[in-house]
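Residue numbers (our numbering), protein chains in the order written: chain A, 7 to 278; chain B, 199 to 439.
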Amino acid sequence: MIEVRDVSLVIQDRAIVDGVSIDVPEGQFTALVGGNGAGKTTLIRLIKGIVVPSAGQIVVDGTSSLGAPRDFALRIGVVFQNPETQIVASVVDEDVAFGPENLGLPTAEIARRVERSLKLVGLWDLRHRPVHALSGGQKQRLAIAGILGLHPKYILFDEATALLDPAGKREVLDTALTLVREGIGVLWVTHDLREVFGAHKLYAMMNGRVVFQGSPAEFLSSSSSLKAARVLVPDEARLAQFLENKGVAVEWPITRQRVLERIKSLSLKTSS
Amino acid sequence: MVGHTGSGKTTLAQVMAALLPPTGGKVRLWDSEWTYPRELPLELRRRIGFVFQFPEHQFFAETVFDEVAYAVRNFGLDNVEGRVRAALETVGLPFMQFKDRSPFSLSGGEKRKVALASVIVFDPDVLVLDEPSAGLDGESKVEFWNWLWRYRARGKTVVFITHWLEEAARSDKVIVLSAGHVLFYDDPVKVFSHASTMKRIGLEPPLAAEVVYELQKKGTFPWVLDLDKLLEALEEYALWP
């Protein structure tokens, strides 16, 4: 488990992150939402150890990350927003091999990790493809595979779907859910609540502070929290609420598929 | 303008904005027809604004103020500070709080807002936006749409690219691109009635469109594209248990 304990980051008298405590357990999908400039990306940089907190501590698997040995950093991977800026090699399998090679692992072990990582993200069949020929969603999955090659226990996704088309968004989210089932702890940052209805736990940030923690369903029913996190209630959730008020309940977590199934069960006053 | 990744949206948008010359065909802007952007008189080119997809690729100034003021100074317009202040307030960034910050120190969403401010600051008559709402939080998206709507009401032309078809459904006309071709160019209701084609080319139709599509198989149900109207129509046309 990653335990963030009362962490702050103050730069030029401005608290960008202000006394934040959150948990990212293994094998769970944890969601983080909040408006532009709320401190989400800075919190991710703090957890990864790119910046050092002004106060508080980050405990990973029972050990404080401050002053921890180098291999400690390998337990946590980060997937960023832009698919164009996270890939180092020109061919898919070489990109995944880059990390393990830099750890000085034996050739056979590198090959084993490349195969396993690419299979987990569903890119094994494209392993010889040039990187420039991949779609945005495939590039993000390659970035994930590059992290998996380092055997992380936790992966932090910083609006990793924001720049992708709908098919790409689904691919990356599905990959993250697969990794959760494999036991990896995922922290998922987004502005799109539809992506996190199934989350084990949701945190919302505003002005550097955590202003809500609880289940996605609780969050959805708290209008003050929704406002603080500057998120929109997805159409799927509004329609599900309408249907429920009419006595046609939609099973949680709400998905477009589930809403449409309920719609299909309706009858019209003037049927054809 | 909508379409899957690689369908040609950004390229077409850059041609429209006189940033790229087409290898065939011509573009007409007001009374000027051109193939090479330089054939377009400078005073017309100054009436076109383009906001790129990746704001961090277009920043170069040391402060948000200088970044937004660049076009104003470059075009020799008056009242630099007033215009910069108004542009920043329009995108929801308080002037005093942001003017002296480095654009590179901002969050992803704030960078997008500064990129938008740096273009709307010279009040272009044609505004072309490459995925302007990607990365904006929900409230900022609503504020942006409201502003865009007021801009259109002033007689301006707005072209914007999006992957979010709920957003496209608010426009006057929708262009759907697929593999470099225009698949549809029509009113949103007509375009989104082709729900199965939308899905086939990797686009997610607005939820309301998918609901209408299902219900029209069953009987009489009107075409609506936004959720409020859908809920009203469900109230009126559906039989409830």
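For each residue, glycine too, the CB sits at the ideal point set by N, CA and C. Model, not experiment: these values are computed from the prediction.
Alpha-carbon spacing of residue i relative to residue j, whole angstroms
i, j, result
"V97/A", "G128/A", "16 angstroms"
"P89/A", "L238/A", "25 angstroms"
"E188/A", "P31/A", "13 angstroms"
"K371/B", "W421/B", "16 angstroms"
"R176/A", "I150/A", "14 angstroms"
"G214/A", "T288/B", "24 angstroms"
"A431/B", "S273/A", "13 angstroms"
"R268/A", "L405/B", "13 angstroms"
"V410/B", "F419/B", "7 angstroms"
"H392/B", "W438/B", "28 angstroms"
Whether residue i touches residue j by CB criterion (9 angstroms)
i, j, result
"L132/A", "I93/A", "no"
"V270/B", "L286/B", "no"
"K145/A", "V137/A", "yes"
"R200/A", "P240/A", "yes"
"V254/A", "A235/A", "no"
"L325/B", "I373/B", "no"
"P330/B", "T360/B", "yes"
"K54/A", "V84/A", "yes"
"F358/B", "M199/B", "yes"
"A210/A", "V10/A", "no"
"T400/B", "P172/A", "Looking at the sequence provided, one finds Gly at residue 400/B rather than Thr. Yes, these two residues count as a Cβ contact at 9 angstroms."
"A332/B", "R368/B", "no"
"T495/B", "D229/B", "Look at the range of chain B in this structure, 199 to 439, and you will see that residue 495/B is not part of it."
"A37/A", "A139/A", "no"
"D29/A", "I8/A", "yes"
"G68/A", "S27/A", "no"
"E402/B", "L363/B", "yes"
"F302/B", "F257/B", "yes"
DSSP-derived helix/strand/coil call for residue i
i, result
"Y234/B", "coil"
"H138/A", "helix"
"G247/B", "strand"
"F225/A", "helix"
"D201/B", "Strictly speaking, residue 201/B in this sequence is Gly, with Asp absent from that position. Coil, per DSSP."
"E9/A", "strand"
"I93/A", "coil"
"H157/A", "coil"
"G336/B", "helix"
"G40/A", "strand"
"K416/B", "coil"
"S369/B", "coil"
"I116/A", "helix"
"H255/B", "helix"
"S305/B", "coil"
"D264/B", "helix"
"L193/A", "strand"
"G62/A", "strand"
"D101/A", "helix"
"V319/B", "coil"
"D164/A", "strand"
Contacts around residue i, its chain only, beta-carbon distance under 7 angstroms, and the 5 residues preceding and following it disregarded
i, result
"L218/B", "T209, Q212"
"E308/B", "L291"
Neighbour list for residue i in chain B, Cβ cutoff strictly below 9 angstroms
i, result
"V237/A", "D335, G336, E337"
"P172/A", "H202, H361, W362, L363, G400, L401, E402"
"V254/A", "W438, P439"
Cutoff 6 angstroms; reference residue i; Cβ partners in own chain excluding five residues on either side
i, result
"F203/A", "P222, P259, I260"
"L156/A", "L80, G105"
"A246/A", "V256, I260, V265"
"A315/B", "V266, A285, L286, V289"
"Q219/A", "Y209"
Beta-carbon neighbours of residue i, restricted to chain A and to distances below 7 angstroms
i, result
"F419/B", "L274"
"S305/B", "N42, G43, T47"
"E412/B", "L266, I269, K270"
Closer than 9 angstroms to chain D by CB, residue i
i, result
"H197/A", "Among the chains of the structure shown, chain D does not appear; the protein chains present are A and B."
Contacts of residue i in chain B (Cβ-Cβ under 7 angstroms)
i, result
"K54/A", "The contacting residues do not exist; K54/A stays about 16 angstroms from chain B at best."
"D281/A", "Outside the shown range of chain A, which is 7 to 278, sits residue 281/A, and nothing can be said about it."
"A168/A", "A332, G333"
"P277/A", "Note that residue 277/A is Ser in the sequence shown here, rather than Pro. Residues of chain B passing the Cβ test: K416, G417."
Chain B residues whose Cβ lies nearer than 8 angstroms to that of residue i
i, result
"Q87/A", "G306, G333"
"L245/A", "L405, V409, L425, L428, L429"
"E257/A", "What E257/A touches in chain B: nothing, since even the nearest Cβ is about 17 angstroms away."
"F248/A", "L429, L432"
"E165/A", "G306, G333"
Any non-hydrogen atom of the ligand MN closer than 8 angstroms to residue i Cβ
i, result
"V23/A", "Absence of the ligand MN is noted for the structure shown, with no ligands found whatsoever."
Proximal chain A residues relative to residue i, where beta-carbon distance stays under 8 angstroms
i, result
"F382/B", "By Cβ distance, chain A contributes nothing, its closest Cβ being about 17 angstroms from F382/B, past 8 angstroms."
"R435/B", "With the sequence shown as reference, residue 435/B is identified as Tyr, and Arg is not the correct amino acid for it. Neighbours of Y435/B on chain A, chain order: L274, K275, T276."
Beta-carbon contacts of residue i that lie in its chain and below 8 angstroms, excluding the five residues immediately before and after
i, result
"L429/B", "none"
"V380/B", "I373, V374"
"I82/A", "I8, I53, K54, G55, V66, P158, K159, Y160, I161, L162"
Residue i: contacting residues in chain A (beta-carbon distance under 9 angstroms)
i, result
"L327/B", "The premise fails here: L327/B is roughly 14 angstroms from chain A at the closest Cβ pair, so nothing lies under 9 angstroms."
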